[in-house]
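**Q** Encoded as structure tokens, here's the structure I'll be asking about.
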């Protein structure tokens with residue numbers, strides 16, 4: 002066989018090993034993401050890829066930092082390419098996106114040629130029932146489809162969003178990382194999914210800008226974890242793909258099935274997930290957390306959490322009750338006919354409407370002014386800011402949903418800090 006024939010010969014991904022060179026594979030980029038360098042946050046550490054050939058076999062690919070400039074404008078998510086002259090290494094370590102024994106590393110001389118999309122069909126997610134995830138034979142060190150002792154295992158899942166937790170921050174390696182939890186339901190089975198970092202921003206943007214009832218969520222390339230004998234899913238670096246309010250064939254079938262079920266209400270509102278504890282929310286509010294008043298809270302120098310019974314007497318109408326926010330939650334302003342975010346220090350296209358409600362709160366000792374931002378306001382009104390905005394009085398009068406809060410009393414959980422700042426739930 003001539004050198005030209007060897008060069009043009011195409012191979013199946015399943016045959017790729019480190020035993021030879023001169024591989025030539027035709028693959029579709031199923032997933033492409035940048036890995037952040039924790040030491041240099043503005044410079045990517047690498048580009049990682051999941052590649053699939055026409056037989057449906059997948060392999061992991063990696064482009065190191067020094068070659069990002071060379072390939073980032075040549076290869077795109079969802080496109081089909083011929084990839085030649087790469088090195089092959091063992092697919093070792095605890096973090097693997099594929100069960101292929103090898104992975105490919107792009108080199109300076111690697112050649113990429115764009116090919117027609119029909120050469121490798123687009124592969125839809127292969128969802129599995131939630132009941133399978135904790136079944137026997139499940140290997141939590143892998144992210145994707147494989148067969149193990151005749152058990153079909155996959156971490157592409159789909160379900161109806163039934164609950165959202167309270168956003169908090171996790172201290173890790175000297176950095177604070179956003180964290181929140183969502184709950185998905187499918188065919189009577191439930192699973193909790195932990196989202197970190199940018200995925201929390203995506204969740205917040207969705208909750209603020211869209212209908213949240215009977216919404217289907219898709220998670221691809223999720224990482225399965227076990228904590229205190231409980232199986233759950235979390236996003237893995239930036240590889241995981243999360244889609245909210247999905248309208249694919251699988252999503253529509255799930256919605257239809259759920260709506261026809263007599264045991265489930267399709268209009269059921271999202272529940273608020275609480276952190277795992279030995280007591281429930283009622284105990285926390287009524288028995289376990291100390292009570293306080295507005296008067297004592299104003300003079301409080303103690304760092305503590307209190308429960309306060311308060312009545313809403315007035316909703317201020319002198320300022321807008323909403324603001325336009327970036328996905329990072331920071332308010333944006335118009336600049337050059339688009340929006341600019343000071344926190345991100347760039348112009349942004351993806352913005353959402355968020356609550357900023359100013360209230361006069363009273364108890365038997367004093368009064369004070371509170372500002373409710375998005376999370377608290379949604380819990381109080383049971384509606385997103387977009388829903389209220391679309392139905393509000395265009396003459397500037399407050400919506401009836403705000404009026405319904407007047408003269409009603411609520412238990413608030415309040416954090417008292419040395420800086421006198423107050424956060425309440």
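Residue numbers (the working numbering): 2 to 426. Where a beta carbon is used, it is the ideal one built from N, C-alpha and C, also for glycine. Computed from a predicted model, the values in this text were never measured in an experiment.
1) Going along the chain, which unbroken runs of the beta strand (DSSP E) with 3 or more residues stay wholly within the segment 35 to 78?
2) Between residue 293 and the rest of its own chain, which residues show a CB-CB distance below 6 Å, the 5 nearest in sequence each way excluded?
3) The beta strand (DSSP E) with residue 193 in it runs from where to where?
4) By a C-beta neighbour count over all protein chains shown, 10 Å radius and 16 as the cutoff for buried, is residue 60 buried or exposed?
5) Looking at the unbroken beta strand (DSSP E) that takes in residue 243, where does it start and where does it end?
6) Around the Cβ of residue 205, are there at least 16 other Cβ atoms within 10 angstroms (buried) or fewer (exposed)?
7) Should residue 248 go down as buried or exposed, given a rule of 16 or more other Cβ atoms within 10 Å for buried?
8) Consult DSSP for residue 297 and reduce its assignment to one of helix, strand or coil.
9) For residue 345, which residues of its own chain have a beta-carbon under 8 Å away from its beta-carbon, when the five flanking residues on both sides are left out?
10) Which class does residue 181 belong to by DSSP, given the choice of helix, strand or coil?
11) Excluding the 5 residues flanking residue 263 on each side, which residues of the same chain have their C-beta closer than 8 Å to its C-beta?
12) Can you check whether the CB of residue 406 is closer than 9 Å to the CB of residue 380?
13) Please classify residue 356 as buried or exposed, where buried requires at least 16 other C-beta atoms within 10 Å of its C-beta.
14) CA-CA distance, residue 271 and residue 212?
15) My output table needs one value for residue 186: the three-state DSSP class, helix, strand or coil.
16) State buried or exposed for residue 391, treating a residue as buried only when at least 16 other CB atoms are found within 10 Å of its CB.
17) When the Cα atoms are used, what is the spatial distance from residue 1 to residue 195?
18) Say whether the segment 105 to 117 touches the segment 64 to 77, bearing in mind that this needs 3 or more beta-carbon pairs closer than 8 Å, one atom from each stretch.
19) If residue 216 and residue 243 are in contact, beta carbons under 8 Å, what's the gap, nearest whole angstrom?
20) Do residue 49 and residue 111 have their C-beta atoms closer together than 9 Å?
21) Going by C-alpha distance, which of 324, 340, 350, 347 is nearest residue 373?
22) Please report how far the alpha carbon of residue 220 lies from the alpha carbon of residue 245, in whole angstroms.
23) In its own chain, which residues sit with a C-beta less than 6 Å from the C-beta of residue 88, not counting the 5 before and 5 after it?
24) If you compare alpha carbons, which of 51, 191, 240, 260 is closest to residue 233?
25) When DSSP builds the beta bridges, which residues end up paired with residue 315?
26) Buried or exposed: which applies to residue 178, given that a residue is buried once 16 or more other Cβ atoms fall within 10 Å of its Cβ?
27) Using CA coordinates, which residue listed in 81, 129, 86, 126 is at the minimum distance from residue 119?
28) Would residue 64 and residue 83 qualify as a contact pair, given that the criterion is a beta-carbon distance under 9 Å?
29) Quick check on DSSP: helix, strand or coil for residue 122?
30) Mind checking which residues open and close the alpha helix (DSSP H) that includes residue 385?
31) Three-state secondary structure (DSSP) at residue 150?
32) Checking the sheet assignment: what are the DSSP bridge partners for residue 91?
33) Could you tell me which residues DSSP puts in a beta bridge with residue 164?
34) To which residues does DSSP link residue 292 through a beta bridge?
35) Please list, in chain order, all residues of the same chain as residue 47 whose beta carbon is under 8 Å from its beta carbon, the five residues on each side excluded.
36) Run the CB neighbour count on residue 367, radius 10 Å, all protein chains shown included, and call it buried at 16 or more, exposed below.
**A** So, to answer that:
1) As far as the segment 35 to 78 is concerned, its whole beta strand (DSSP E) runs of at least 3 residues are 45 to 53, 59 to 65.
2) If you number the chain shown from 1, residue 293 lands on position 292. Same-chain partners within the cutoff: 307, 309.
3) Numbered from 1 along the chain shown, position 192 holds the residue referred to as residue 193. Counting along the chain, the beta strand (DSSP E) containing residue 193 begins and ends at 190 to 197.
4) Sequence index remark: in the chain shown, residue 60 carries index 59 (1-based). Taking a 10 Å sphere around the C-beta of residue 60, we find 16 or more other C-beta atoms and assign the residue as buried.
5) Counted from its first residue, the chain shown places residue 243 at position 242. Element bounds for residue 243: 242 to 245.
6) As a first step, residue 205 must be located in the chain shown, where it is residue number 204. By the neighbour-count rule (16 or more Cβ atoms within 10 Å), residue 205 is buried.
7) As a position in the chain shown, residue 248 is number 247, starting the count at 1. So residue 248 counts as exposed.
8) Within the chain shown, the letter at position 296 stands for residue 297. Looking at residue 297 - three-state DSSP - the assignment turns out to be helix.
9) The count along the chain shown starts at 1 and reaches residue 345 at position 344. Once the five neighbours on either side are set aside, the close Cβ partners of residue 345 are 327, 329, 331.
10) Mapped onto the chain shown, residue 181 falls at position 180. Reduced to three states, the DSSP call for residue 181 is strand.
11) Residue mapping note: residue 263 aligns to position 262 of the chain shown, counting from 1. Only weak support exists for where residue 263 lies, its pLDDT of 47 falling under 50; the coordinates are left without a value.
12) Working through the chain shown from its first residue, we reach residue 380 at position 379. Working through the chain shown from its first residue, we reach residue 406 at position 405. Not in contact: residue 380 and residue 406 (Cβ atoms no closer than 9 Å).
13) Here the question's residue 356 lines up with position 355 in the chain shown. Buried, since its Cβ has 16 or more Cβ neighbours within 10 Å.
14) As a working note, residue 271 is residue 270 in the chain shown. As a working note, residue 212 is residue 211 in the chain shown. Distance between the alpha carbons of residue 271 and residue 212 is about 11 Å.
15) Sequence index remark: in the chain shown, residue 186 carries index 185 (1-based). Residue 186: strand per DSSP, three-state reduction.
16) To locate residue 391, count along the chain shown from 1; it is residue 390. Exposed is the call here.
17) Past the boundaries of the shown model lies residue 1; the chain is included only from 2 to 426, so the question cannot be answered.
18) yes
19) As a position in the chain shown, residue 216 is number 215, starting the count at 1. As a position in the chain shown, residue 243 is number 242, starting the count at 1. 12 Å between Cβ atoms; not a contact.
20) Position 48 of the chain shown, counting from 1, holds the residue named residue 49. Position 110 of the chain shown, counting from 1, holds the residue named residue 111. No.
21) Residue mapping note: residue 373 aligns to position 372 of the chain shown, counting from 1. Scanning 324, 340, 350, 347 for the CA closest to the CA of residue 373 turns up 324.
22) Locating residue 220 in the chain shown gives position 219, counting from the first residue. Locating residue 245 in the chain shown gives position 244, counting from the first residue. Approximately 9 Å, taken between the alpha carbons.
23) Within the chain shown, numbered from 1, the residue matching residue 88 stands at position 87. The answer, listed in chain order, is 106, 108.
24) For the purposes of this step, residue 233 is taken as residue 232 along the chain shown, with counting starting at 1. The shortest C-alpha separation from residue 233 is found at 191.
25) The residue you call residue 315 lines up with position 314 of the chain shown. Answer by DSSP bridge pairing, in chain order: 361.
26) The count along the chain shown starts at 1 and reaches residue 178 at position 177. That one is exposed.
27) As a working mapping, residue 119 is identified with position 118 in the chain shown. Answer by Cα proximity: 81.
28) The residue labelled residue 64 in the question sits at position 63 within the chain shown. The residue labelled residue 83 in the question sits at position 82 within the chain shown. No; because the gap between Cβ atoms is not below 9 Å, this pair is not in contact.
29) In the chain shown, counting from the first residue as 1, residue 122 sits at position 121. Under the three-state reduction of DSSP output, residue 122 falls in the coil class, being neither helix nor strand.
30) Taking the chain shown and counting its residues from 1, the one referred to as residue 385 is at position 384. DSSP places residue 385 outside any alpha helix (DSSP H), giving it a letter other than H or E.
31) Your numbering for residue 150 matches position 149 in the chain shown. Residue confidence is low: residue 150 scores 31 on pLDDT, short of 50, so the model does not pin down where it sits. No coordinate-derived value is stated.
32) Taking the chain shown and counting its residues from 1, one reaches residue 91 at position 90. DSSP output for residue 91 lists 103 as bridge partner(s).
33) Here residue 164 refers to the residue found at position 163 when the chain shown is read from its first residue. Under DSSP, residue 164 shares a beta bridge with 184, 272.
34) Residue mapping note: residue 292 aligns to position 291 of the chain shown, counting from 1. Residue 292 is bridged to 308.
35) As a first step, residue 47 is located in the chain shown; it is residue number 46 there, counting from the start. Only 35, 36, 63, 64, 65, 66, 69 meet the Cβ criterion.
36) Translated into the one-based positions of the chain shown, residue 367 becomes position 366. Residue 367 should be labelled exposed.
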